[in-house]
Structure formats: structure tokens, C-alpha cells
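Below is one structure, written out as C-alpha cells; comments come after it.
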Amino acid sequence: MFRLVAADLRRNALGALAIVLIVAFAAALGVAVTLQERALRLGSARAAAAFPVVVGAAGSETQLMLSAVFLQPAPLGLVPGKVLSSLAADPRVAWAAPVGFGDFVEDYPIVGTTQALIDGLGGLRGGQGFTRLDQAVVGAAVQLRTGDRFHPLHGQASSGGHMHGETTYEVVGRLAPTGTPWDRAVLVPIEAVWRTHGMEAHAGEEHAGEEHADDPHAGDAHVEETHTEAAVAGAGPAADPHAGVDAARVTAAGAPGVPAIVVKPRSIADAYKLRQEWRTDTTLALFPAEVLTRLYATLGDARRVLSAVAMGAQALVAAAILLVILLHVGQRRRQIGALRAFGAPRLAVFAVVWMEGFALLGLGLLAGVGLGYGAALAIAARLQAQSGVALPVLFTADDLTPLLLLAGATAVLATIPALLAYRQSPAAALRG
Amino acid sequence: MPALTVEELEVRFPGLETPALAIPRLGIAAGARIGLTGPSGSGKTTLLNLITGLERAGTGRILWDGTDVARLSEGRRDRWRAANVGLVMQDFHLFDGLSARDNVLLPLRLARFALPAGAGEEADRLLARVGIERRGQKVETLSRGQKQRVAVARALIARPGILVADEPTASLDAEAGAVVAALLIELAAEAGATLIVASHDPRLLERLDRVVRLEAGRVRPAEG
Ligand SMILES: Nc1ncnc2c1ncn2[C@@H]1O[C@H](COP(=O)(O)OP(=O)(O)OP(=O)(O)O)[C@@H](O)[C@H]1O
Ligand SMILES: [Mg+2]
Numbered sequence: 001m002f003r004l005v006a007a008d009l010r011r012n013a014l015g016a017l018a019i020v021l022i023v024a025f026a027a028a029l030g031v032a033v034t035l036q037e038r039a040l041r042l043g044s045a046r047a048a049a050a051f052p053v054v055v056g057a058a059g060s061e062t063q064l065m066l067s068a069v070f071l072q073p074a075p076l077g078l079v080p081g082k083v084l085s086s087l088a089a090d091p092r093v094a095w096a097a098p099v100g101f102g103d104f105v106e107d108y109p110i111v112g113t114t115q116a117l118i119d120g121l122g123g124l125r126g127g128q129g130f131t132r133l134d135q136a137v138v139g140a141a142v143q144l145r146t147g148d149r150f151h152p153l154h155g156q157a158s159s160g161g162h163m164h165g166e167t168t169y170e171v172v173g174r175l176a177p178t179g180t181p182w183d184r185a186v187l188v189p190i191e192a193v194w195r196t197h198g199m200e201a202h203a204g205e206e207h208a209g210e211e212h213a214d215d216p217h218a219g220d221a222h223v224e225e226t227h228t229e230a231a232v233a234g235a236g237p238a239a240d241p242h243a244g245v246d247a248a249r250v251t252a253a254g255a256p257g258v259p260a261i262v263v264k265p266r267s268i269a270d271a272y273k274l275r276q277e278w279r280t281d282t283t284l285a286l287f288p289a290e291v292l293t294r295l296y297a298t299l300g301d302a303r304r305v306l307s308a309v310a311m312g313a314q315a316l317v318a319a320a321i322l323l324v325i326l327l328h329v330g331q332r333r334r335q336i337g338a339l340r341a342f343g344a345p346r347l348a349v350f351a352v353v354w355m356e357g358f359a360l361l362g363l364g365l366l367a368g369v370g371l372g373y374g375a376a377l378a379i380a381a382r383l384q385a386q387s388g389v390a391l392p393v394l395f396t397a398d399d400l401t402p403l404l405l406l407a408g409a410t411a412v413l414a415t416i417p418a419l420l421a422y423r424q425s426p427a428a429a430l431r432g
Numbered sequence: 001m002p003a004l005t006v007e008e009l010e011v012r013f014p015g016l017e018t019p020a021l022a023i024p025r026l027g028i029a030a031g032a033r034i035g036l037t038g039p040s041g042s043g044k045t046t047l048l049n050l051i052t053g054l055e056r057a058g059t060g061r062i063l064w065d066g067t068d069v070a071r072l073s074e075g076r077r078d079r080w081r082a083a084n085v086g087l088v089m090q091d092f093h094l095f096d097g098l099s100a101r102d103n104v105l106l107p108l109r110l111a112r113f114a115l116p117a118g119a120g121e122e123a124d125r126l127l128a129r130v131g132i133e134r135r136g137q138k139v140e141t142l143s144r145g146q147k148q149r150v151a152v153a154r155a156l157i158a159r160p161g162i163l164v165a166d167e168p169t170a171s172l173d174a175e176a177g178a179v180v181a182a183l184l185i186e187l188a189a190e191a192g193a194t195l196i197v198a199s200h201d202p203r204l205l206e207r208l209d210r211v212v213r214l215e216a217g218r219v220r221p222a223e224g
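Those protein sequence lines, which keep their order, are chains A and B.
Under the UniProt record's numbering, the very last position in the first sequence is 432; numbers go up by exactly one each time.
Under the UniProt record's numbering, the very last position in the second sequence is 224; numbers go up by exactly one each time.
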């Protein structure tokens, strides 16, 4: 019986292959959508894990989260220096680190911060942390080597920024891989960022505020901006580019403002209290993981549309395949009639036709799962190269149910031509 | 080797005014070798389909040693046919992609899950007997005469008591037809099977014990 099925499929190898491929592509579509969506969700959630609480100036939560966690350039207001100083002194805070953006080297974002964040991101894999204002630590995926020197560029190289020629950094260390956009970041002392932009303010360029909200109604931000300039202007001794890093200066009450502060609370209860306290008229505190979840909830509809499209495609393919198989059974009336004439019980005829159908559809389904997995991996790899977010493409136990359902549907589908063959009269078939 | 008694058989097809087949009585002795002839459309194939249980008779009895095939359910007719009837048809009906040997064994494979002991040797013996030497050859590469000889071997693999052939030589040239005709008669005798052959081929018919002539669905007296 199996020989007969195998011989039949071999004889129609090309048609069988076409059916398998069509089924495979349809199944791959659904599998890829599911896996990719999950990879995005897991990948970004993992990226947010190193950032328990983020504090920024009042404004959009999503923007603050995207900037601090995913390093997406966005105009953010500044939080005054006294916020960082009081957070740093708070006993409920394990560590608090500023993050300041705006400059780039090549297309890598330069992030001004402190050693605390380097440790919080997982520490160094090579070299050492920055100890002077002209030193930098690069993310795991940055194509710069220890000892390389570079000037920061205001704005991205690809969109034509201008060079801060007077500032030079030297790469002294490399972060351990994090699977987050921070793998593509270049970390420098926050004081160096202040210094760079402060000096330029002296040169009379009107752009130190470009990294904050340009909204004239954002009164707070505007006030803070002047405050920043004043603070930087007043920070005379720091102007030496070779000066050492001084943690106390960063957390001093009169220090310049920063766009965002990453806070690691000592406990979950502390996290909630801190978030509560720093949700004020002028500041915003958030759990990036929670903002992400909310973001996904709003995107959930889009995901459902995508899966519906994939399922619609699968249903269409199923219908087309069914038609092909029915035509095929029609063409094989004589063969099936002969099987009966030579002593095959009806059940054997049913089994032969069913097995052929199920083998084709099942093979297509399996190939489709593999193909979908491969496609999701390829997409994830491309996205990771662009964004730095590691996207884990993986199957979970939840996938088993739909896959089994699909396999069951395939088995049921295969019974339709089998039943047709089962019911056909052998004498009539032999005449035709 | 069962004997056949047909009684009061009448078959009508929709659209035909006269019955396609009307046989008040027809007897065939056990082990007999019977020819069935008559013009095209006279009902030969219809009669063979009925006595092999491929088609169900509406009225009448078709008794093979007391088993009324006309009364059996479809499933039981299949089983009865698998156990008692070997069929040879005009267009061979071999399964492409399988070897000659696998084609011979196919009825056994389909009827049960495992081949009965000795089936392989029996297939080899039958193939040797009908003069097929390359048993592993794919049937689609055989000549027409060879194909029909494989079909004869297949008809005998389950050791049936009844061997039925419908125009077994009609699609062969004279020489190959003569070989197949001789094989049918010899092998039926060797197996001790009742042989019923529908044919227009005078050289085949003249070697049989008796020829039944059908005309417009009725048996006409013929030279025996
Ligand atoms: N399913 C059917 N529906 C209608 N008419 C049928 C059907 N099967 C057979 N017939 C008719 O019954 C008659 C007998 O047909 P049958 O095939 O038995 O003839 P035959 O003697 O075998 O002819 P041939 O020598 O050409 O093979 C024919 O007129 C045929 O058209
Ligand atoms: Mg006929």
C-alpha cells in the first residue's frame, strides 16, 4: 500500500512538488508572522529590562522610553541637575545614571553617562571604563577599536550633521554584548557632553537646546535650558578636555540638566514609590517595560489584522489545493476502479487516497514551518543589524495547539477526496 | 472451482427501453471454460461485471456455489471477489511506477496488511510461468504483450477459483494475443479455475469448451 502511494507520488513528482511548495509558502506566512511578532515583543522587553525606572522631563512617555531604552533620537526636555542629585542621594536608589544624547560618531549614537550605567548594562568585556573626559567606552557591536580617536558629530553622519572638531575622544573600553540598541552606542562621560555643547554655546551657536523640546510652549524646558547654559558657563574648571571624571560634579545640585535619568531602585516597592514621587508637573517617571506593554496593546489590532491576512491566504490555498486534489482523483477514476476490481477493499482505496493527500499537505506544512522559521530568522537578523535589538526567534509550547489544529485540518481535508474515491463504483470507473 | 447459476437476471439502464441484459437462466459447470461473444453493446461487459460482483444486480440471482453475489453488500462483494475471482481486462490496468513483481503482489497487499507466507515465491513462479524474466522491471516499460502476461499472473496470485477475462487479446497483435490466450487456458487448467472469457477473437474462442453468444442482452443458441 505504501509502495503504491510512493509510486503514485513519484509518478506525479512535479505536481506533488508544486502542491508541497504552495502549502509550504502559505504555512510559512503564518509561522513567520507569529514568530516575528513574538521576537519583536521579547526582544524589546529584554532591551527594557536593564532600565527599571526612567525619569525625564514632563512630556511623552513613549518618546522618553524610546529615547532612553532604544536610543531613538527625539527632542526631549531636560530635567534639572537637582533631580539627579536627589535621586543619587535617595536611600531607595541602588544607582542612578544620567543619559544625554545628541551627538554621533559615524551612525553610532554618543551617549553621555556615568560608570553606574556601564555596570548596570552588564559591565565591560575589554579595556577599562572612562576615567577622563576625553575617553569613551563603545558598545559590543561598534566598529571602533580600543585606541581609536574620533570627533563627535552633531546629528547623524547620514543626515549631514556638523563636526565638533574641538572635541576628541579615545576609545578605552568595550561593553559586554547586551542584545539591545546599546550595543551600537558609544558611551562618554556626561560631563564631556555638557562641555562640548557648553563650549559651542560660548561660540555663539544657537543649538545647544536642539536636543530638548523646541516647543515654545514647553515653558519648563525653556527655563531649564537657560539654567543649563548658566550652569555650563559657570563650570569653568571643567573646560579642560583632559580633566578626570568626577562623579560628585555630576550629581552636584547645581549640575546641568539631562534628558533622562536611569534609576535602579533597591526593591520593587521602592520602584513604585519612586515612580509615584517623580511624577510631577515638571518631571515624568516610568517603567519602560510597562510603557512597552501598553504600546503593544495598541499595536495588538495591527497584529490581529496581519494574522487574519495570513489565515485568509492559508484558507485560499487550502481551497485551491482541494480543487487540485479533487481534479486529480477524477483523473484517476480508472486507476481507483481497478484497485477495487483487483480485490482492494473500499477502506484500502480510502487509505491510499487519504495518505497521498495527507502526505502532500503534511509535508507542505512541515516545510512551511521550517521556511517560516528561516524567514523569521532572516528578518530578525536584518532588524538586529539595523537596530541592535536582539530578536529571539523561538517556538513556544503555545505554538503546538495551532500547529496540531492545522495538522488536524489537513487530515480532515484529505478525507474529502478519499471519501469521493471510496464511494465511486468500480464498474463505472472501469468503463470511463 | 465453483459453478455458476444465473437466474431471472435483468438489468436496465436509464435511457434504454429494452433491458441491457435479460437472462432467464444460464448455467456454467465448475471448471468449465466458457467463451462469451456477441456484437458490441450486446452486454458482455455488463454480464461479467455482474457475475464478478463489480456491479450490483437489481433483480435475479447470481449463484456461485450457493453464494448469491447479487445479494451481498458492497463490502462483502469486494471481499468475495478478492478471495474468488481473478480478473484480466482489455487495458491491462497495471500500476505504473511499480515493478512487475509488485504489480502481481498488489491484490494481496491491498487486501491485507502483511503478505501471506509464500506469496513472494508464488509471484516469482507465476511470472516465470508467463515468461516475464525481469521481475523488477517497471511495468510502464514493458511491451503490450508483456503487460497482459503480467496481468494474467496478477489475476492468479490469490489462487482464485474463477478466472474472468474481458477482451484479453483485443488490444494485442495476433501473435501476442495467441500467447496470452494460450496462457489463460493453460493456467486456468493448472489452477483448476472456472474460466469465463468475453472475446471476439475466433482463435481464442475455438479453444474453449463452450461459447455463449449474447445479442441485445439475450443469450442466443450458439455452436458449442
Ligand atoms: N452505466 C450505464 N448506463 C447506461 N447504459 C449502459 C451503462 N453501462 C452499459 N450500458 C449499456 O449497456 C449495453 C451493454 O454494454 P456492454 O458494455 O456490456 O457491451 P459489450 O457487449 O461489452 O460491448 P463491447 O463489445 O463494445 O465491449 C450498451 O448498450 C451500453 O451502452
Ligand atoms: Mg465490453
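Ideal Cβ positions, reconstructed from N, Cα and C, are used throughout, including at glycine.
What you are looking at is a predicted structure, and each value in this text was computed from that prediction instead of being measured.
Around ligand 1, Cβ to any heavy atom closer than 5 Å, ordered along the chain: Going along the chain, the residues that qualify are B:Phe-13, B:Ala-20, B:Ser-40, B:Gly-41, B:Ser-42, B:Gly-43, B:Lys-44, B:Thr-45, B:Thr-46.
Own chain, CB closer than 6 Å to Gln-135 of chain A, minus 5 neighbours either side, in chain order: In the first sequence, the residue the question calls residue 135 of chain A occupies position 135. Around Gln-135 of chain A: Glu-170, Val-172.
CB contact flag (Arg-213 of chain B, Arg-220 of chain B, <8 Å): Looking up residue 213 of chain B in the second sequence gives position 213. Looking up residue 220 of chain B in the second sequence gives position 220. Less than 8 Å separates the beta-carbon of Arg-213 of chain B from that of Arg-220 of chain B.
Strand pairing of Thr-59 of chain B, partner residues [DSSP]: Here residue 59 of chain B refers to the residue found at position 59 of the second sequence. When DSSP reads this structure, Thr-59 of chain B sits in a beta bridge with B:Glu-10.
Residue-level contact to chain A via CB, Gly-75 of chain B, 8 Å cutoff: Position 75 of the second sequence, counted from the first residue, corresponds to residue 75 of chain B. Judged by the 8 Å Cβ criterion, Gly-75 of chain B is in contact with chain A.
Straight-line gap, Arg-129 of chain B to Gly-53 of chain B (C-alpha atoms, nearest Å): Here residue 129 of chain B refers to the residue found at position 129 when the second sequence is read from its first residue. Here residue 53 of chain B refers to the residue found at position 53 when the second sequence is read from its first residue. Spanning the two alpha carbons is a distance of roughly 28 Å.
N-terminal and C-terminal residue of the alpha helix (DSSP H) that Gly-337 of chain A is part of: In the first sequence, the residue the question calls residue 337 of chain A occupies position 337. Annotation for Gly-337 of chain A: the continuous alpha helix (DSSP H) segment containing it runs 333-341.
Residue closest to Val-6 of chain B, alpha-carbon to alpha-carbon, out of B:Ala-57, B:Phe-13, B:Arg-25, B:Ala-100: Locating residue 6 of chain B in the second sequence gives position 6, where the first residue counts as 1. Ranking B:Ala-57, B:Phe-13, B:Arg-25, B:Ala-100 by Cα distance to Val-6 of chain B puts B:Arg-25 first.
Thr-280 of chain A beta carbon less than 8 Å from that of Val-79 of chain A: The count along the first sequence starts at 1 and reaches residue 79 of chain A at position 79. The count along the first sequence starts at 1 and reaches residue 280 of chain A at position 280. Thr-280 of chain A is positioned such that its CB atom lies no closer than 8 Å to that of Val-79 of chain A.
Given 8 Å, three or more beta-carbon pairs between the segment 353-367 of chain A and the segment 5-20 of chain B: No contact exists between the segment 353-367 of chain A and the segment 5-20 of chain B.
Asp-166 of chain B: CB within 7 Å of a non-hydrogen atom of ligand 2: Taking the first residue of the second sequence as 1, we reach residue 166 of chain B at position 166. The answer is yes for Asp-166 of chain B.
First through last residue of the alpha helix (DSSP H) which encompasses Ala-114 of chain B: Indexing the second sequence from 1 puts residue 114 of chain B at position 114. Per DSSP, Ala-114 of chain B belongs to no alpha helix (DSSP H) and is neither H nor E.
Cutoff 8 Å: His-200 of chain B Cβ touching any chain A Cβ: As a first step, residue 200 of chain B must be located in the second sequence, where it is residue number 200. Chain A contact via Cβ: absent.
Collapsed DSSP secondary structure at residue 227 of chain B in the structure displayed: The structure shown does not extend to residue 227 of chain B, since chain B is modelled only from 1 through 224, so no value can be given for it.
Environment of Gly-257 of chain A [buried if 16+ CB atoms lie within 10 Å]: On the first sequence, residue 257 of chain A is found 257 positions in, with the first residue counted as 1. With 16 or more other Cβ atoms inside 10 Å of its own Cβ, Gly-257 of chain A counts as buried.
Outcome for Pro-91 of chain A when other beta-carbon atoms lying within 10 angstroms are tallied against a minimum of 16: One-based indexing of the first sequence puts residue 91 of chain A at position 91. By the beta-carbon neighbour count (other beta carbons within 10 angstroms, threshold 16), Pro-91 of chain A is exposed.
Selected residue, minimal CA-CA separation from Ser-67 of chain A, among A:Val-83, A:Gly-81, A:Arg-46, A:Val-111: Counting from one through the first sequence, the residue named residue 67 of chain A turns up at place 67. Distances from the alpha-carbon of Ser-67 of chain A to those of A:Val-83, A:Gly-81, A:Arg-46, A:Val-111 put A:Val-111 closest.
Given Phe-130 of chain A as reference, the closest of A:Gly-100, A:Ala-308, A:Thr-180, A:Gly-244 once Cα atoms are compared: Counting from one through the first sequence, the residue named residue 130 of chain A turns up at place 130. Selected option, being the one with the closest Cα: A:Gly-244.
Sequence-distant residues of the same chain with beta carbon closer than 6 Å to Leu-144 of chain A, five excluded per side: Within the first sequence, the letter at position 144 stands for residue 144 of chain A. Hits under 6 Å: Val-138, Val-171.
Proximity below 8 Å, CB of Ala-421 of chain A to CB of Ile-336 of chain A: For the purposes of this step, residue 421 of chain A is taken as residue 421 along the first sequence, with counting starting at 1. For the purposes of this step, residue 336 of chain A is taken as residue 336 along the first sequence, with counting starting at 1. Cβ atoms of Ala-421 of chain A and Ile-336 of chain A: closer than 8 Å.
Proximity of Leu-142 of chain B and Val-152 of chain B at Cβ, strictly below 8 Å: Along the second sequence, one-based indexing puts residue 142 of chain B at 142. Along the second sequence, one-based indexing puts residue 152 of chain B at 152. It is not a contact, given that the beta carbons lie outside the stated cut-off.
Cβ of Pro-107 of chain B within 8 Å of any chain A Cβ: For the purposes of this step, residue 107 of chain B is taken as residue 107 along the second sequence, with counting starting at 1. Residue-level contact check: Pro-107 of chain B touches chain A, since one or more beta carbons of chain A fall below 8 Å from its beta carbon.
Proximity winner among A:Pro-345, A:Ala-302, A:Gln-128, A:Trp-95, relative to Met-1 of chain A (alpha-carbon distances): Sequence index remark: in the first sequence, residue 1 of chain A carries index 1 (1-based). Just measuring C-alpha positions, the residue of A:Pro-345, A:Ala-302, A:Gln-128, A:Trp-95 sitting nearest Met-1 of chain A is A:Pro-345.
Local conformation of Ala-285 of chain A per DSSP, three classes: Position 285 of the first sequence, counted from the start, is the residue given in the question as residue 285 of chain A. Reduced to three states, the DSSP call for Ala-285 of chain A is strand.
The segment 70-81 of chain B touching the segment 118-132 of chain B, judged by at least three CB pairs closer than 8 Å: Between the segment 70-81 of chain B and the segment 118-132 of chain B, the count of Cβ pairs shorter than 8 Å is below three; the stretches do not touch.
Beta-ladder partner(s) of Glu-170 of chain A, from DSSP: The count along the first sequence starts at 1 and reaches residue 170 of chain A at position 170. In the DSSP assignment, the residues bridged to Glu-170 of chain A are A:Gln-135, A:Arg-149.
Secondary structure of Ile-28 of chain B, DSSP reduced to three states: Here residue 28 of chain B refers to the residue found at position 28 when the second sequence is read from its first residue. In this structure, Ile-28 of chain B counts as strand in the three-state DSSP scheme.
CB contact check: Asp-124 of chain B to chain A, cutoff 8 Å: Here residue 124 of chain B is taken as the residue at index 124 of the second sequence, counted from 1. Residue contact check for Asp-124 of chain B against chain A: no CB pair falls below 8 Å.
Cutoff 8 Å: Ala-158 of chain B Cβ touching any chain A Cβ: Taking the second sequence and counting its residues from 1, one reaches residue 158 of chain B at position 158. Chain A places a beta carbon closer than 8 Å to that of Ala-158 of chain B, counting this residue as a contact.
Any C-beta of chain B under 8 Å from that of Phe-342 of chain A: The residue you call residue 342 of chain A lines up with position 342 of the first sequence. It does; some Cβ of chain B falls within 8 Å.
Local Cβ density within 10 Å of Ala-47 of chain A, reported as buried at 16 or more and exposed below that: Here residue 47 of chain A refers to the residue found at position 47 when the first sequence is read from its first residue. Ala-47 of chain A is buried by the Cβ-count criterion.
Nearest to Gly-254 of chain A (by Cα), restricted to the options A:Ser-60, A:Gly-77, A:Ser-86: Here residue 254 of chain A refers to the residue found at position 254 of the first sequence. If we check each option's Cα against that of Gly-254 of chain A, A:Ser-86 comes out closest.
His-154 of chain A to Ala-192 of chain A span [Cα, whole Å]: By 1-based counting over the first sequence, the position of residue 154 of chain A is 154. By 1-based counting over the first sequence, the position of residue 192 of chain A is 192. If I take the Cα positions, the gap works out to 14 Å.
Through-space distance from Leu-404 of chain A to Pro-259 of chain A, alpha-carbon basis: Against the first sequence, residue 259 of chain A aligns to sequence position 259. Against the first sequence, residue 404 of chain A aligns to sequence position 404. Spanning the alpha carbons of Pro-259 of chain A and Leu-404 of chain A requires a straight line of approximately 50 Å.
Chain E contacts made by the segment 32-52 of chain B, where a contact means CB separation under 7 Å: Reference to chain E is not applicable here, since the protein chains of this structure are A and B.
Strand pairing of Leu-214 of chain B, partner residues [DSSP]: Stepping through the second sequence from its first residue, residue 214 of chain B is reached at position 214. DSSP lists B:Val-219 as partners of Leu-214 of chain B.
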